[in-house]
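Those protein sequences? They're chains A and B, same order as listed.
Heads up, the first sequence is in my numbering, so the first residue is 1303 and it goes up one at a time.
Heads up, the second sequence is in my numbering, so the first residue is 1303 and it goes up one at a time.
Have a look at the structure below before the remarks.
Protein chains: 2
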Amino acid sequence: MQSYLDCVPCFVRQALEAARLVGGNEQACEQVVRQVLGLAAEMDLNQSPPAMGGKIHRVIRQVTGKDDPYKEIKQKFNALALRLYPDLKRLIAGSAKPLEIAVRLAIAGNIIDFGVSSSLDVAEVERVIDDSLTADWDTSLIEDFAAAVKEASRILYLCDNAGEIVFDRLLVEQLPCEKVTCVVKGSPVINDATMEDAKISGLTEVVEVTENGSDNPGTILETCSAGFRRRFDEADLIIAKGQGNYETLSDVDRNIFFILKVKCPVIARHLGCEVGTMILRKSKAFDNVADLVKGD
Amino acid sequence: MQSYLDCVPCFVRQALEAARLVGGNEQACEQVVRQVLGLAAEMDLNQSPPAMGGKIHRVIRQVTGKDDPYKEIKQKFNALALRLYPDLKRLIAGSAKPLEIAVRLAIAGNIIDFGVSSSLDVAEVERVIDDSLTADWDTSLIEDFAAAVKEASRILYLCDNAGEIVFDRLLVEQLPCEKVTCVVKGSPVINDATMEDAKISGLTEVVEVTENGSDNPGTILETCSAGFRRRFDEADLIIAKGQGNYETLSDVDRNIFFILKVKCPVIARHLGCEVGTMILRKSKAFDNVADLVKGD
């Protein structure tokens, strides 16, 4: 999806919040805000919002002199999620609908996103888990999702954030792991999961994990490594977690299941739903592929 | 008061909301947003927020080609307030504390501010009036205010917005009108009251009304006419309505009573109160003057 004018004030607000969150002093924050204002004044609205997100966080890293300013925050939320992991694992194992429960939990994990909200505590994470497990939700696509997973031979699972990656592990463990490769960022941006988080979360012990070669949020294919792009092209099912992956891949003509919690009114409008909605959504291309298969 | 970094995202948001509110098409809105981003990137944070507000609304007038883009909105809220006027006038007349009721209503009127909120309907105005009349509120300064009015020989009443100006009339009618001059903007900016609104509200029939010669929100003295500045210097009491006048005059060494409803967290922090608080506040200079009087 493109960027909208409504995204612009939010870019500026997020830049300031992020600069403060990573411990920038007032002078550094001012420098970040001024540089981001200049970039936003010249931005290409045809690009997806994470393209600007990538620019913002390059400014923040450059101004603060920190390669990975969210490192502590990521560690905190990895640790929090790992403490929850055993109970959640048992919950899935004891459920009559383990895949649905795992998808619900993967969506719950998607709230752990400091790119959108910088104020989030343990109690809120637990509340979100309860809400996600009990929410009245159209689960009709779970069967389509299960069928797509069964049919696919090469599945790419695009992870989103640290902390959340532990919840992704719970879902990945419900998939045929030999067919799945998980994808993390090539280098740190915001609280997005990197290879370090994949290791900490235990995900690397479950499936192959690869880097996408990019320092942008979401998956901006033209900024990813050639190796990742080849794997993306070869995959017959892509599972894309979080808003950033939806924003960057919604127009990509591939067979994608998007899994996310909607946290922004612009994305809600694009998806035709309310803020707060739990989303399991097939890409249009996926339907086209299904038609082709039927036509064989 | 100066501008703060927290004001910057709000400037961008307000610019976009204002451009849409005055009927700008998407292309015009984009032009407004880009120009405002450029101005904000270079802004002087030592200036008060209304200095940037003035720049934003000059851009909006220039891009939309409308000299007074809020004209219809101002007329709508003048008409709404005038419909309420007779009942409110009777309410004051029948009260044991007419000055307090009039100040409470003047604060209620201050919510009619499209510079801050673009969504406001009749029901909300009426609810705000009820809330303002019944709110638990420290009225200890009302006596100081009454005493200052009594002692003063030349009172300037700085009006804020259209619509609100009808509520200002109710308060002005409780003051010794021969000592009072009301002040409106020199030319249109946002929904700020101009001479046209002073006439429509009936204020010109009650007291002398003069223009400040500026097209900035609030009262940025260096942008006002020499004539207004002389009257400002000669006044021994200034009654300043609304956030814009607080932002621009809070550091001015004059004898000022600020009357406003706090609608912004930055101003709330500056005043040491919560958003939503009803404010009747003396300037520090006023205290100094009082000390001088006592010392006479």
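No residue lacks a Cβ here, since even glycine has one placed at the ideal position from N, Cα and C.
Taking buried to mean at least 16 other C-beta atoms within 10 Å of its own C-beta, is V1509(B) buried or exposed?
Here the question's residue 1509(B) lines up with position 207 in the second sequence. By the neighbour-count rule (16 or more Cβ atoms within 10 Å), V1509(B) is buried.
I'd like to know if the segment 1367-1385 of chain A and the segment 1548-1558 of chain A are in contact, where contact means that at least 3 CB-CB pairs between them fall below 8 Å.
Counting Cβ pairs under 8 Å, fewer than three are found: no touch.
Counting only the same chain and skipping the five closest in sequence on each side, list residues whose C-beta sits under 7 Å from that of A1448(A).
The count along the first sequence starts at 1 and reaches residue 1448(A) at position 146. Counting only Cβ-Cβ distances below 7 Å, and skipping sequence neighbours, we find L1401.
Give the list of continuous beta strand (DSSP E) stretches no shorter than 3 residues that lie fully inside the segment 1464-1516 of chain A.
Within the segment 1464-1516 of chain A, the complete beta strand (DSSP E) runs of at least 3 residues are 1482-1486 and 1510-1513.
Helix, strand or coil: how does DSSP classify I1457(A) here?
As a first step, residue 1457(A) is located in the first sequence; it is residue number 155 there, counting from the start. Three-state result, I1457(A): strand.
Could you give the DSSP three-state label for L1339(B): helix, strand or coil?
Here residue 1339(B) corresponds to residue number 37 of the second sequence, with the count starting at 1. Helix at L1339(B).
Please go through the same chain and pick out, in chain order, the residues whose beta-carbon is closer than 8 Å to the beta-carbon of A1437(B), but skip the five residues on each side of it.
For this step, residue 1437(B) is matched to residue 135 along the second sequence. Once the five neighbours on either side are set aside, the close Cβ partners of A1437(B) are R1406 and M1580.
Give the straight-line distance between the Cα atoms of P1478(A) and E1445(A), rounded to the nearest whole angstrom.
Position 176 of the first sequence, counted from the first residue, corresponds to residue 1478(A). Position 143 of the first sequence, counted from the first residue, corresponds to residue 1445(A). Their backbone Cα atoms lie some 15 Å apart in a straight line.
Since I believe N1514(B) is in contact with K1543(B) (beta carbons under 8 Å), could you give me their beta-carbon distance rounded to a whole number of angstroms?
Along the second sequence, one-based indexing puts residue 1543(B) at 241. Along the second sequence, one-based indexing puts residue 1514(B) at 212. Wrong, their Cβ atoms sit about 13 Å apart, outside the cutoff.
Starting from the Cα of L1382(A), find the closest Cα among I1467(A), V1482(A), H1572(A) and G1574(A) and give me that residue.
Mapped onto the first sequence, residue 1382(A) falls at position 80. Here the closest residue by C-alpha is I1467(A).
Given a limit of 8 Å on CB to CB distance, which residues of the segment 1311-1322 of chain A reach chain B?
Residues passing the 8 Å Cβ filter: P1311, C1312, V1314, R1315 and L1318.
Which of the three DSSP states is assigned to R1385(B) in this structure?
The residue given as residue 1385(B) occupies position 83 in the second sequence. R1385(B): helix per DSSP, three-state reduction.
Excluding five sequence neighbours on each side, which residues of the same chain lie with their C-beta closer than 7 Å to the C-beta of D1389(A)?
Locating residue 1389(A) in the first sequence gives position 87, counting from the first residue. Here the set comprises nothing.
If we count the other Cβ atoms within 10 Å of its Cβ and call it buried at 16 or more, is D1555(A) buried or exposed?
Within the first sequence, numbered from 1, the residue matching residue 1555(A) stands at position 253. Exposed, because fewer than 16 other Cβ atoms sit within 10 Å of the Cβ of D1555(A).
Taking 8 Å as the CB-CB cut-off, is V1335(B) touching chain A?
In the second sequence, residue 1335(B) corresponds to position 33, counting from 1. For V1335(B), the answer is yes, since a Cβ of chain A falls inside 8 Å of its Cβ.
For A1404(B) versus I1394(B), is the C-beta distance shorter than 8 Å?
Stepping through the second sequence from its first residue, residue 1404(B) is reached at position 102. Stepping through the second sequence from its first residue, residue 1394(B) is reached at position 92. A contact, by the Cβ cut-off of 8 Å.
E1332(B) versus chain A: which residues are under 8 Å apart at the beta carbon?
For the purposes of this step, residue 1332(B) is taken as the residue at position 30 of the second sequence. The contacting residues are L1307 and L1347.
What residues of chain A sit near A1343(B), judged by a beta carbon separation below 7 Å?
Working through the second sequence from its first residue, we reach residue 1343(B) at position 41. Ordered by position in chain A, the residues that pass the 7 Å Cβ test against A1343(B) are R1336, L1339, G1340 and A1343.
Does the segment 1454-1468 of chain B come within contact of the segment 1481-1498 of chain B, defined as at least 3 CB pairs closer than 8 Å?
With the cut-off at 8 Å, the segment 1454-1468 of chain B and the segment 1481-1498 of chain B touch.
How big is the Cα-Cα spacing for V1334(A) and D1538(B)?
As a working mapping, residue 1334(A) is identified with position 32 in the first sequence. As a working mapping, residue 1538(B) is identified with position 236 in the second sequence. Each residue's alpha carbon lies about 44 Å from the other.
Output the distance between the C-alpha atoms of T1506(A) and A1454(A), rounded to the nearest integer angstrom.
Stepping through the first sequence from its first residue, residue 1506(A) is reached at position 204. Stepping through the first sequence from its first residue, residue 1454(A) is reached at position 152. T1506(A) and A1454(A): Cα-Cα distance of roughly 21 Å.
Sorted by chain position, which residues of the same chain lie with C-beta nearer than 8 Å to E1536(A)'s C-beta, five sequence neighbours on each side aside?
Counting from one through the first sequence, the residue named residue 1536(A) turns up at place 234. Here the set comprises R1456.
Taking buried to mean at least 16 other C-beta atoms within 10 Å of its own C-beta, is S1442(B) buried or exposed?
Start at 1 with the first residue of the second sequence, and residue 1442(B) comes out as number 140. The residue is exposed, with fewer than 16 neighbouring Cβ atoms inside 10 Å.
Answer yes or no: do D1470(A) and S1489(A) have a C-beta to C-beta separation smaller than 8 Å?
Working through the first sequence from its first residue, we reach residue 1470(A) at position 168. Working through the first sequence from its first residue, we reach residue 1489(A) at position 187. Taking 8 Å as the Cβ cut-off, D1470(A) and S1489(A) do not qualify as a contacting pair.
Counting only runs that start and end within the segment 1524-1582 of chain B, where is the beta strand (DSSP E) found for 3 or more residues in a row?
Whole beta strand (DSSP E) segments, 3+ residues: 1539-1543 and 1558-1563.
So which of L1347(A), G1340(A) and P1371(A) has the shortest CA-CA distance to A1320(A)?
Along the first sequence, one-based indexing puts residue 1320(A) at 18. That would be P1371(A), whose Cα lies nearest to the Cα of A1320(A).
Considering only residues of the same chain and omitting the five flanking positions on each side of A1450(A), which have a CB-CB separation below 6 Å?
In the first sequence, residue 1450(A) corresponds to position 148, counting from 1. Same-chain partners within the cutoff: L1539.
CB-CB under 6 Å to A1410(A), same chain, minus the five flanking residues each way: which ones, in chain order?
The sequence position of residue 1410(A) within the first sequence is 108, counting from 1. Excluding sequence neighbours, A1410(A) sits near V1430, I1431 and S1434.
I'd like the list of long-range same chain contacts for N1412(A), defined as Cβ closer than 7 Å, with 5 residues on each side in sequence excluded.
Looking up residue 1412(A) in the first sequence gives position 110. For N1412(A), where only same-chain residues beyond five positions count, the Cβ hits under 7 Å are D1462, E1466, K1543, G1544, L1562 and K1563.
Within the same chain, show all residues whose beta-carbon is closer than 6 Å to that of I1358(A), passing over the 5 residues directly before and after it, in chain order.
Residue numbering aside, residue 1358(A) sits at position 56 when the first sequence is read from its first letter. For I1358(A), where only same-chain residues beyond five positions count, the Cβ hits under 6 Å are A1317 and V1338.
For D1369(A), which residues in the same chain have their Cβ closer than 7 Å to its Cβ, ignoring the five residues on either side in sequence?
By one-based count along the first sequence, residue 1369(A) stands at place 67. Closer than 7 Å at the Cβ level, and outside the excluded window around D1369(A), lie R1363 and P1490.
Can you tell me which of the three DSSP states K1584(B) falls into?
Here residue 1584(B) is taken as the residue at index 282 of the second sequence, counted from 1. Residue state, collapsed to three classes: strand.
Can you name the start and end residues of the alpha helix (DSSP H) that I1413(B) belongs to?
Translated into positions along the second sequence, residue 1413(B) becomes position 111. Element bounds for I1413(B): n/a, residue is neither H nor E.
So, is V1365(A) buried or exposed, given that buried needs 16 or more other C-beta atoms within 10 angstroms?
On the first sequence, residue 1365(A) is found 63 positions in, with the first residue counted as 1. Buried: at least 16 other Cβ atoms inside 10 Å.
Of all the CB atoms in chain A, is at least one closer than 8 Å to the CB of V1365(B)?
Counting from 1 along the second sequence, the entry for residue 1365(B) is found at position 63. It does not: the Cβ of V1365(B) has no partner Cβ on chain A nearer than 8 Å.
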